[in-house]
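Student: Numbering (the working numbering), first residue to last: 21 to 86.
Glycine residues also receive a C-beta, built at the ideal position from the N, C-alpha and C atoms.
What you are looking at is a predicted structure, and each value in this text was computed from that prediction instead of being measured.
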């Protein structure tokens, strides 16, 4: 089941990035300046979510067996 959650997370990330890319593309076509990116980078968010998920699963597995 965890692999399906990972797949869902990856698909949501891809959809979010595609939407952002499309909005930036339309803004550039209209001649508007793109909004500045601020905060944490999207790939960092994805890596933290996957690391937290797999790390949590590993700890749960280790403590459940121990």
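1. Quick check on residue 63: does DSSP put it in helix, strand or coil?
2. Check whether the region 23-38 and the region 58-74 touch, using three or more Cβ-Cβ pairs below 8 angstroms as the test.
3. With H, G and I counted as helix, E and B as strand and the rest as coil, what does DSSP make of residue 76?
4. Who are the Cβ neighbours of residue 71 in its own chain at under 6 angstroms, not counting the five residues just before and after it?
Tutor: In this structure, then:
1. helix
2. yes
3. helix
4. none
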